[in-house]
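Have a look at the structure below, then the notes.
In our numbering, the protein residues as written are 62 to 323.
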């Protein structure tokens with residue numbers, strides 16, 4: 062395990078787990094945490110031993126949003142702060158060539174809610190919750206919430222959640238599509254690791270291209286999506302994973318998409 066003062070990182074079975082490590086502040090984000098998390102994500106993307114990245118929080122919280130004390134009186138504009146910290150982080154997550162799981166172990170509020178929604182897969186503990194809390198301090202949702210949330214729940218539900226800042230509990234989050242699965246608190250860490258290892262056994266190149274295709278299709282036209290699929294399918298078909306998948310199918314055995322040399 063490697064650890065800075067704000068991020069703890071360890072790798073097991075191809076899964077790099079990045080833990081926000083300010084539990085006394087419910088992992089509220091300061092500049093150090095945001096920049097360190099972005100750097101750790103980029104390092105994981107460059108590490109061939111890493112096939113899946115998990116982002117989670119230490120202690121009772123996932124991320125309580127911005128640490129207001131960290132920005133108070135600094136003289137930096139809101140725009141400057143977002144462009145220097147949160148926006149590069151969210152862009153890194155969405156552009157990462159590997160699946161990112163946000164493992165929401167506790168409260169995710171404000172920009173922490175945006176972070177929770179940014180993963181390719183969102184897994185929640187039963188006690189987790191999400192609050193679009195910005196309106197409580199008369200601010201606009203940022204760090205991607207205005208992009209992620211309406212695509213998940215629709216404009217009107219998203220506006221209600223943002224305007225009223227009501228807490229969304231795990232069962233409702235699952236019903237609304239804010240997460241893919243909910244696990245009991247006492248087995249959450251093990252369940253996340255098992256899920257991530259299952260994902261790590263899938264074809265890494267194909268998943269990277271799938272993420273690329275989905276990111277493009279979210280803002281493109283049908284014609285653009287069809288063209289993108291055709292181009293990316295060629296890249297997938299030329300990769301050794303495809304040959305392995307076809308051979309395994311013919312031989313009636315599980316495909317082996319992880320090579321020792323990777």
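C-beta atoms are modelled at their ideal positions from N, C-alpha and C, and glycine is treated no differently.
Nothing here was measured: the structure is a model prediction, and the numbers come from that model.
Determine whether the beta carbon atoms of residue i and residue j lie at a separation below 8 Å.
i	j	result
residue 157	residue 81	no
residue 161	residue 186	no
residue 205	residue 151	yes
residue 173	residue 125	yes
residue 99	residue 140	no
residue 201	residue 226	no
residue 316	residue 304	no
residue 90	residue 79	no
residue 127	residue 167	no
In whole angstroms, what is the alpha-carbon distance linking residue i and residue j?
i	j	result
residue 279	residue 208	10 Å
residue 123	residue 188	11 Å
residue 216	residue 237	13 Å
residue 130	residue 155	28 Å
residue 249	residue 84	17 Å
residue 234	residue 104	31 Å
residue 176	residue 135	24 Å
residue 93	residue 273	29 Å
residue 275	residue 286	9 Å
residue 271	residue 277	10 Å
residue 87	residue 312	51 Å
residue 258	residue 180	16 Å
residue 112	residue 302	14 Å
residue 282	residue 269	21 Å
Quick one: give me the first and last residue of the alpha helix (DSSP H) that residue i is part of.
i	result
residue 130	129-132
residue 140	139-145
residue 306	301-311
Give me the Cβ distance between residue i and residue j, rounded to the nearest whole Å; I'm assuming they're in contact under 8 Å.
i	j	result
residue 266	residue 297	7 Å
residue 229	residue 213	At roughly 11 Å, the Cβ-Cβ gap does not stay under 8 Å, so residue 229 and residue 213 are not in contact.
residue 96	residue 146	7 Å
Over what stretch of residues does the beta strand (DSSP E) that includes residue i continue unbroken?
i	result
residue 190	190-192
Let me check one thing: in DSSP terms, what residues is residue i bridge-paired to?
i	result
residue 122	168
residue 71	78
residue 185	165, 243
Closer than 8 Å, CB to CB, is residue i near chain D or not?
i	result
residue 143	No chain D is present in this structure, which holds just one protein chain.
May I ask whether a heavy atom of the ligand MG can be found less than 7 Å away from the beta carbon of residue i?
i	result
residue 306	As presented, the structure is devoid of all ligands, the ligand MG included, so that no description of it is given.
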